[in-house]
Amino acid sequence: MATPLILGSSNAIEQPQTVGYSPSRGWYTVRTWKGKKNAIDTLSNSLVSAGYEFQIDHGPGGISTVRAQTPQNLSSAEEAVNLWEIQPIAFTKDILEADIAAIESISEDDKIAIRHAIQSPPDPPTSPALTDPNAIDTYLLMLSGVREIKKFSITLRHTQTVSNQWAVPISLTNVNRLHSTATLISDEAPPGWIASTMPTFVSNRAGLVYGWYKSLPTITIVSYQRTQLVQEWEFGLWATFLYGALL
2 MATPLILGSS NAIEQPQTVG YSPSRGWYTV RTWKGKKNAI DTLSNSLVSA
52 GYEFQIDHGP GGISTVRAQT PQNLSSAEEA VNLWEIQPIA FTKDILEADI
102 AAIESISEDD KIAIRHAIQS PPDPPTSPAL TDPNAIDTYL LMLSGVREIK
152 KFSITLRHTQ TVSNQWAVPI SLTNVNRLHS TATLISDEAP PGWIASTMPT
202 FVSNRAGLVY GWYKSLPTIT IVSYQRTQLV QEWEFGLWAT FLYGALL
């Protein structure tokens, strides 16, 4: 094999770039320089600072080669790899606080009477004076030991995987605020299959709204010089007194 020519230059000379793709690593670019050993050693310091993964080969005739890889396609603008997830989260809730029509129809006075009769039953035991069929059914359920109802919350997660050269900051707009489903879809543009499964419940209870609570994002350095930017929203029934009006 012939010794590579440096055309009389003492500097490191960059060769044509190679662009590739790996299912596990995404797009990447391989950059190659050839030159005198001291020039390649000097270049390697800047490659370390830039976060490149590289390898140096010292060849015959004092000519060295460095092959460096960056986790992005340098021939075009970088695009984040987007992953959207909807994850249901099960939890239990006090049956008298359940946000279902049968429980919401019970008056506050009846709920107080039911709770008092269950938690501090009189002696001798007597049933509270209830006339609402839903209140009576709820009291009998609680009397038989049913105190909670199983409910589900939903977490929407958007993960962007980018290179360590990604220059677009993650948005902190409206963090710790409540978003309606329509606002979230308009602002974040999730895929259609995600948008079509997002609930649009409406609460009839004063001061309570269904919405998506936007959390602070998570930024994680992962393998292969890549970074993951994760934004989550939690769907639930929220008190506007504590979290503000729905956006």
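Each residue of the sequence shown is one higher than the one before, starting from 2 at the first, in the numbering used here. By construction, the Cβ of each residue, glycine as well, lies at the ideal position given by its N, Cα and C atoms. Predicted model only: the values in this text are computed from it and were never measured.
Counting only the Cα atoms, T156 lies some 30 angstroms from M143. Counting along the chain, the unbroken beta strand (DSSP E) around V20 starts and ends at 19-23.
By DSSP's assignment, S128 forms no beta bridge with any residue. When secondary structure is reduced to three states using DSSP, W194 falls in the helix class. DSSP places E86 in the strand class (E or B) of the three-state scheme.
At a Cβ-Cβ threshold of 8 angstroms, G212 and L247 count as neighbours. Between A118 and P129, the C-beta spacing is below 8 angstroms. Taking C-beta atoms under 8 angstroms as the contact rule, E105 and N205 qualify, at a distance of about 6 angstroms. Contact annotation: I90 and I195 have beta-carbon atoms that are not nearer than 8 angstroms. Assignment of F236 by DSSP, reduced to helix, strand and coil, places it in the strand class. Considering only T160, S23, N135, the residue with the shortest C-alpha distance to T71 is S23.
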